[in-house]
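Residue numbers (my numbering): 1 to 876.
Every residue gets a Cβ at the ideal spot worked out from N, C-alpha and C, and that includes glycine.
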Amino acid sequence: MKQIYAFAEGNMEMRALLGGKGANLAEMTNLGLPVPPGFTLTTAACHDYQQHHGLSEALLTELDQHIQALEKATGKRFDDPVAPLLVSVRSGAPISMPGMMDTILNIGLNDQTVQALARETADPRFAYDSYRRLLAMFGNVVYGLSEKGFDDILTTVKRQKGYDSDLALTTADLQQIILAFKQLYIEAGKSFPQSPKAQMLAAVTAVFESWNNRRAVVYRRENRIPEDLGTAVNVQTMVFGNAGADSGTGVAFTRDPATGERALFGEYLLNAQGEDVVSGVRTPQPVAVLHDQMPEVYNQLAAIATTLEQHYRDMQDLEFTIEHGQLYLLQARNGKRTPAAAVKIAIDLVNEGLIDRQTALLRIEPQSLSDMLHPEFDPEALQAHTILATGLPASPGAATGEVYFTAAEAKAAHEAGHQVILMRQDTSPEDIEGMIVSQAIVTARGGMTSHAAVVARGMGATGVVGMHALTVDEHAKAATVGDTVLHEGDWVSVDGTTGNLYRGQIPTTAALVKDSLATLLAWAKEASRMGVFTNADTPKDLQQALAFGADGIGLTRTEHMFFQPERLLQMRRLILAKDAAGRKVPLAALEKMQEQDFYELYRLAAGKTVTIRLLDPPLHEFLPHDQREIGQVAHELGLEQNQLRERMAALKEVNPMLGHRGDRLAVTYPDIYAMQVRALMHAVFRLADEGMQVTPHIMIPLTNSETELRWVRQLVVRQIEQLAAAKGMQVSYEVGTMIETPRACVTADKIAHTADFFSFGTNDLTQLTFGYSRDDVGSFLPAYLEQKILPDDPFQTVDTEGVGALMAMAITNGRQTKPQLPIGVCGEVGGDPDSVAFFDQIGVSYVSCSPYRVPVARLAAAQAALRAMKKVKAGA
1 MKQIYAFAEG NMEMRALLGG KGANLAEMTN LGLPVPPGFT LTTAACHDYQ
51 QHHGLSEALL TELDQHIQAL EKATGKRFDD PVAPLLVSVR SGAPISMPGM
101 MDTILNIGLN DQTVQALARE TADPRFAYDS YRRLLAMFGN VVYGLSEKGF
151 DDILTTVKRQ KGYDSDLALT TADLQQIILA FKQLYIEAGK SFPQSPKAQM
201 LAAVTAVFES WNNRRAVVYR RENRIPEDLG TAVNVQTMVF GNAGADSGTG
251 VAFTRDPATG ERALFGEYLL NAQGEDVVSG VRTPQPVAVL HDQMPEVYNQ
301 LAAIATTLEQ HYRDMQDLEF TIEHGQLYLL QARNGKRTPA AAVKIAIDLV
351 NEGLIDRQTA LLRIEPQSLS DMLHPEFDPE ALQAHTILAT GLPASPGAAT
401 GEVYFTAAEA KAAHEAGHQV ILMRQDTSPE DIEGMIVSQA IVTARGGMTS
451 HAAVVARGMG ATGVVGMHAL TVDEHAKAAT VGDTVLHEGD WVSVDGTTGN
501 LYRGQIPTTA ALVKDSLATL LAWAKEASRM GVFTNADTPK DLQQALAFGA
551 DGIGLTRTEH MFFQPERLLQ MRRLILAKDA AGRKVPLAAL EKMQEQDFYE
601 LYRLAAGKTV TIRLLDPPLH EFLPHDQREI GQVAHELGLE QNQLRERMAA
651 LKEVNPMLGH RGDRLAVTYP DIYAMQVRAL MHAVFRLADE GMQVTPHIMI
701 PLTNSETELR WVRQLVVRQI EQLAAAKGMQ VSYEVGTMIE TPRACVTADK
751 IAHTADFFSF GTNDLTQLTF GYSRDDVGSF LPAYLEQKIL PDDPFQTVDT
801 EGVGALMAMA ITNGRQTKPQ LPIGVCGEVG GDPDSVAFFD QIGVSYVSCS
851 PYRVPVARLA AAQAALRAMK KVKAGA
């Protein structure tokens with residue numbers, strides 16, 4: 001089997017085999033763009049390496065053939081004393097994982113060829129600069145020697161010589177540094193291989209091994225990238241951006257990755273190699289400056305950028321090198337971008353005629369929309385805070401948290417429940433675990449294409465980089481900004497839109513759906529088969545959900561309305577009453593409160609569906625939980641503490657989630673449900689008097705059988721019809737039920753006779769199907785996920801094999817009885833994109849989720865419908 005492809009042999013469709021980088025290098029080569037020649041070792045070769053723990057003889061034979069072809073094409077040879085061939089060895093997974101795997105540049109240099117390169121280029125400084133870079137990268141990647149050890153040597157020499165920059169290092173300085181670097185090898189019991197072939201084999205092996213390094217594993221887990229893809233390896237002839245003042249290297253985007261604006265955006269450094277740009281060690285220039293320094297190169301780059309964007313029909317991220325005024329392309333890929341930029345770019349590409357609406361909808365990751373909707377700093381509060389420092393606004397958003405200076409400390413603080421801001425001199429891929437848990441990432445060094453900036457944008461985290469007034473000392477656990485010292489745990493606020501850093505906590509305001517996002521969500525609604533409702537218990541929740549485009553309320557949990565102090569007192573008075581007569585006074589007080597609650601929700605909904613679930617939890621949840629509360633409640637209710645304890649003991653249940661709750665409360669306390677229905681109907685009547693017609697949707701929780709539902713439905717309907725008759729008006733209404741138990745799923749055909757709609761309560765259905773208490777899974781679920789016993793947390797993403805199969809059964813059974821039966825989902829998974837896709841497949845009518853997940857669910861529903869349509873067309 002062929003395991004290596006020359007760039008000219010591949011194309012963009014071979015991503016799975018050649019990796020994203022290899023496929024795109026092949027595509028650019030075949031487009032006639034200036035790509036240095038090279039070849040790609042396939043992901044199949046990676047799998048073979050992983051299986052046999054080594055490079056096969058067949059691969060080595062192919063490798064020799066491709067090296068010879070490269071030597072012929074370039075007129076240079078490995079280890080040649082006159083014209084040595086130098087190559088880069090880079091990773092390239094099928095799905096982009098920027099910075100997570102390994103790269104080594106300048107392979108082929110040794111003690112002899114460095115002299116040959118110096119003679120060939122007549123530039124000894126350049127040759128020895130390239131050699132010291134190879135020694136540092138090879139030592140770190142292949143032998144695991146600390147980057148810090150190499151950096152410390154470099155820093156010491158610059159300090160001794162009084163240099164501000166690496167560029168000030170002379171040939172003699174670099175030779176001294178090379179000797180010191182070699183000493184690091186010796187101290188570690190290693191030696192740098194002088195054979196270029198041995199260097200390359202070690203580099204290829206290291207890149208294959210880097211597929212399973214910790215940062216790559218964490219990145220894949222965070223971004224849900226499959227573990228079995230493997231990485232390709234790209235071997236490419238070196239071109240040198242560090243060859244002098246007429247050379248350089250940079251990264252360019254065809255559109256601004258932070259805002260989505262259409263313009264060539266990026267950064268570059270003269271006399272540098274690629275790692276200098278992305279590492280943040282030197283602060284680069286905006287790519288626009290290149291127009292003044294090298295106008296011909298800039299115009300060529302801009303033309304290529306346009307060509308590639310139109311060819312790939314998406315925003316491109318380009319890596320380029322300039323060697324003595326000659327432009328070379330080293331990579332093109334779909335660029336990482338902020339969620340806001342992703343939406344704007346998708347809409348703009350439709351308007352420019354490059355893609356259609358369906359493609360635009362399918363390009364946006366649904367989960368990323370939630371990152372666009374996080375609050376922003378309150379403008380008035382912001383004016384009261386002084387800006388500590390300003391950096392480059394790498395990833396927009398507003399974040400407040402406690403500052404930590406290492407990834408490990410940030411991760412530990414997050415696990416302890418703190419809001420975290422990670423502040424570093426600059427970040428490296430090793431910091432990924434701390435970056436993932438941080439509300440914002442702030443670095444003192446680096447540009448808009450540095451590692452910190454790219455990762456922050458990719459994760460949707462707030463990011464500010466290149467904050468030069470900031471100095472971070474991770475060993476002292478402190479940072480200084482002018483006269484201000486920030487210590488670990490201090491609160492700071494970060495504005496990723498302006499690049500400003502503030503001390504302390506700044507309140508935020510809710511974000512709005514506007515501009516491109518409003519357009520995208522309108523398109524998504526047109527494309528969807530499922531409705532998207534919200535779970536809302538307060539007018540504030542509903543207002544936010546309606547602003548995000550919710551179709552109405554799919555679940556109002558009335559129990560959440562009883563926890564304000566005055567209401568809780570009445571609820572406790574109700575629960576502690578000895579009989580129905582004793583419950584009348586608190587019920588009357590609660591009825592007035594509930595009427596106002598329902599009135600406000602109906603009024604805000606303005607004719608949209610509002611589904612109100614009657615009381616669900618066990619009554620003991622409303623009672624006091626500790627001695628202080630017991631004393632306070634006994635005093636408020638005029639009871640002896642012993643009386644209160646006796647009543648609490650009587651209500652205590654061994655397993656309350658399986659006990660006296662849901663519609664079981666209606667059977668034993670019918671006056672509670674009757675009170676809620678009366679309150680609901682009086683709200684309907686008030687709105688009718690104001691000219692608004694409301695159709696109540698009443699949901700009965702925890703139904704297990706048709707008989708049980710019929711009993712409770714009669715209680716509800718009796719109240720509705722008596723009140724409507726007394727008012728002298730006709731009221732349309734629907735009474736449905738939550739399907740939350742396996743028995744309800746199995747007998748759904750019978751339950752459907754009595755229900756006007758179903759709504760799956762997936763939290764309880766998951767709990768009862770697995771036999772897991774959702775409140776106690778923290779003790780074992782992490783281990784189950786780590787050991788891959790479970791693919792996902794079933795309370796966050798629906799378990800399609802078990803819970804999903806029961807849901808599909810219930811839908812089929814229910815619609816056998818009532819073909820047009822509306823069926824929703826209002827559990828936690830209603831806002832999870834993977835779950836929404838499954839619900840679309842099994843015929844769910846709508847999902848209901850928290851307000852901030854409404855846009856996520858809307859886009860996920862649209863994508864599910866579009867993919868189903870594509871599948872149907874493909875099968876036709």
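Anticipated Cβ contact below 8 Å, residue 336 with residue 317, distance rounded:
Here residue 336 corresponds to residue number 336 of the sequence shown, with the count starting at 1. Here residue 317 corresponds to residue number 317 of the sequence shown, with the count starting at 1. Confirmed, Cβ separation roughly 7 Å.
With DSSP as the reference, label residue 173 as helix, strand or coil.
For the purposes of this step, residue 173 is taken as residue 173 along the sequence shown, with counting starting at 1. Here residue 173 sits in helix by DSSP.
So the candidates are 273, 69, 94; which of them puts its Cα closest to the Cα of residue 15?
Position 15 of the sequence shown, counted from the start, is the residue given in the question as residue 15. Checking every option, the nearest Cα to that of residue 15 belongs to 94.
Tell me, please, which residues DSSP counts as bridged to residue 502.
On the sequence shown, position 502 is the one that residue 502 refers to. DSSP output for residue 502 lists 387, 493 as bridge partner(s).
Between residue 821 and residue 357, what straight-line distance do the alpha-carbon atoms span, to the nearest angstrom?
Numbered from its first residue, the sequence shown carries residue 821 at position 821. Numbered from its first residue, the sequence shown carries residue 357 at position 357. Going by the C-alpha atoms only, they are around 31 Å apart.
For residue 263, which option in 296, 398, 301 has the closest C-alpha, if you only look at C-alpha atoms?
The residue labelled residue 263 in the question sits at position 263 within the sequence shown. Of the listed residues, the one whose Cα sits closest to residue 263 is 301.
By how many angstroms is the C-alpha of residue 154 removed from the C-alpha of residue 852?
As a first step, residue 852 is located in the sequence shown; it is residue number 852 there, counting from the start. As a first step, residue 154 is located in the sequence shown; it is residue number 154 there, counting from the start. Taking the straight line from one Cα to the other gives about 49 Å.
Does the segment 615 to 633 touch the segment 651 to 662, meaning 3 or more C-beta pairs lie closer than 8 Å?
yes
Hey, quick one: how far does the beta strand (DSSP E) through residue 535 stretch, first residue to last?
Position 535 of the sequence shown, counting from 1, holds the residue named residue 535. Segment 531 to 535, the beta strand (DSSP E) holding residue 535.
Provide the residue span of the alpha helix (DSSP H) that contains residue 756, from first to last.
In the sequence shown, residue 756 corresponds to position 756, counting from 1. No alpha helix (DSSP H) contains residue 756, which DSSP labels as neither H nor E.
What residues are listed by DSSP as bridge partners for residue 915?
Limits of the chain in this structure are 1 at one end and 876 at the other, which puts residue 915 out of reach.
Taking the DSSP output, what are the residues bridged to residue 6?
The residue you call residue 6 lines up with position 6 of the sequence shown. DSSP output for residue 6 lists 39 as bridge partner(s).
Among 159, 297, 353, which has the Cα closest to the Cα of residue 313?
Working through the sequence shown from its first residue, we reach residue 313 at position 313. The shortest Cα separation from residue 313 among 159, 297, 353 belongs to 353.
Determine the closest residue to residue 130 out of 185, 66, 186, 244, with distance taken between C-alpha atoms.
In the sequence shown, residue 130 corresponds to position 130, counting from 1. Of the candidates 185, 66, 186, 244, the one whose C-alpha sits nearest the C-alpha of residue 130 is 244.
Rounded to whole angstroms, what is the Cα-Cα separation between residue 502 and residue 333?
The residue given as residue 502 occupies position 502 in the sequence shown. The residue given as residue 333 occupies position 333 in the sequence shown. Roughly 35 Å separates the two Cα atoms.
Return the chain-ordered ranges of every beta strand (DSSP E) run that is complete within the segment 726 to 787 and spans a minimum of 3 residues.
734 to 739, 758 to 760
Give the secondary structure of residue 655 by DSSP, where H, G and I count as helix, E and B as strand, and everything else as coil.
Looking up residue 655 in the sequence shown gives position 655. It is coil, neither helix nor strand.
Where residue 138 falls: helix, strand or coil (DSSP)
For the purposes of this step, residue 138 is taken as the residue at position 138 of the sequence shown. Of the three classes helix, strand and coil, the one that applies to residue 138 here is helix, per DSSP.
List the whole-angstrom C-beta distance separating residue 444 from residue 467, where the pair is believed to meet the contact cut-off of C-beta under 8 Å.
In the sequence shown, counting from the first residue as 1, residue 444 sits at position 444. In the sequence shown, counting from the first residue as 1, residue 467 sits at position 467. That pair is a contact at about 5 Å.
Separation of residue 66 from residue 48, as counted between CA atoms
Counted from its first residue, the sequence shown places residue 48 at position 48. Counted from its first residue, the sequence shown places residue 66 at position 66. Spanning the two alpha carbons is a distance of roughly 19 Å.
Proximity below 8 Å, CB of residue 486 to CB of residue 403
As a first step, residue 486 is located in the sequence shown; it is residue number 486 there, counting from the start. As a first step, residue 403 is located in the sequence shown; it is residue number 403 there, counting from the start. It is a contact, given that the beta carbons lie within the stated cut-off.
What does a CB cutoff of less than 6 Å around residue 808 pick up in its chain, not counting 5 residues either side in sequence?
Position 808 of the sequence shown, counted from the start, is the residue given in the question as residue 808. If we look at residue 808 and ignore the five residues flanking it on each side, its Cβ neighbours are 842.
Just confirm the distance between the C-beta atoms of residue 233 and residue 91, as a whole number of angstroms; I'd bet it's less than 8 Å.
Here residue 233 is taken as the residue at index 233 of the sequence shown, counted from 1. Here residue 91 is taken as the residue at index 91 of the sequence shown, counted from 1. Right, the Cβ-Cβ distance comes to about 6 Å (below 8 Å), so this counts as a contact.
Limits of the unbroken alpha helix (DSSP H) element including residue 678
Your numbering for residue 678 matches position 678 in the sequence shown. Its alpha helix (DSSP H) spans residues 670 to 689.
Endpoints, beta strand (DSSP E) assigned at residue 513
Working through the sequence shown from its first residue, we reach residue 513 at position 513. Counting along the chain, residue 513 falls outside any beta strand (DSSP E), and DSSP gives it neither H nor E.
Considering only residues of the segment 49 to 129, which uninterrupted beta strand (DSSP E) runs meet the minimum length of 3 residues and lie entirely inside it, listed in chain order?
87 to 92, 103 to 107
Helix or strand or just coil, what does DSSP make of residue 269?
The residue labelled residue 269 in the question sits at position 269 within the sequence shown. Three-state DSSP puts residue 269 in a strand.
Taking the continuous beta strand (DSSP E) assigned at residue 348, which residues delimit it?
Along the sequence shown, read from residue 1 onward, the residue named residue 348 stands at position 348. No beta strand (DSSP E) contains residue 348, which is instead part of the alpha helix (DSSP H) from 339 to 351.
Classify residue 377 as helix, strand or coil using the three-state DSSP reduction.
Counting from 1 along the sequence shown, the entry for residue 377 is found at position 377. Reduced to three states, the DSSP call for residue 377 is strand.
Using the three-state DSSP reduction, which class does residue 241 fall into: helix, strand or coil?
Locating residue 241 in the sequence shown gives position 241, where the first residue counts as 1. Coil.
Three-state class that DSSP yields for residue 886 in the structure shown
No answer is possible for residue 886: it lies beyond the span of the chain, which begins at 1 and ends at 876.
Tell me whether residue 869 is buried or exposed, calling it buried when 16 or more other Cβ atoms sit within 10 Å of its Cβ.
For the purposes of this step, residue 869 is taken as residue 869 along the sequence shown, with counting starting at 1. With fewer than 16 other Cβ atoms within 10 Å, it is exposed.
May I ask you to check if the CB of residue 249 is nearer than 7 Å to at least one heavy atom of the ligand PLP?
The ligand PLP is absent from the structure shown, which contains no ligands of any kind.
DSSP has residue 699 in a bridge; who is on the other side?
Within the sequence shown, the letter at position 699 stands for residue 699. Bridge partners of residue 699: 613, 736.
Which whole-angstrom value describes the C-beta separation of residue 740 and residue 701, a residue pair presumed to lie in contact below a C-beta threshold of 8 Å?
Taking the sequence shown and counting its residues from 1, the one referred to as residue 740 is at position 740. Taking the sequence shown and counting its residues from 1, the one referred to as residue 701 is at position 701. Contact flag correct, Cβ pair sits at about 7 Å.
For residue 11 and residue 21, what's the separation of their Cα atoms in angstroms?
As a working note, residue 11 is residue 11 in the sequence shown. As a working note, residue 21 is residue 21 in the sequence shown. Residue 11 and residue 21: Cα-Cα distance of roughly 11 Å.
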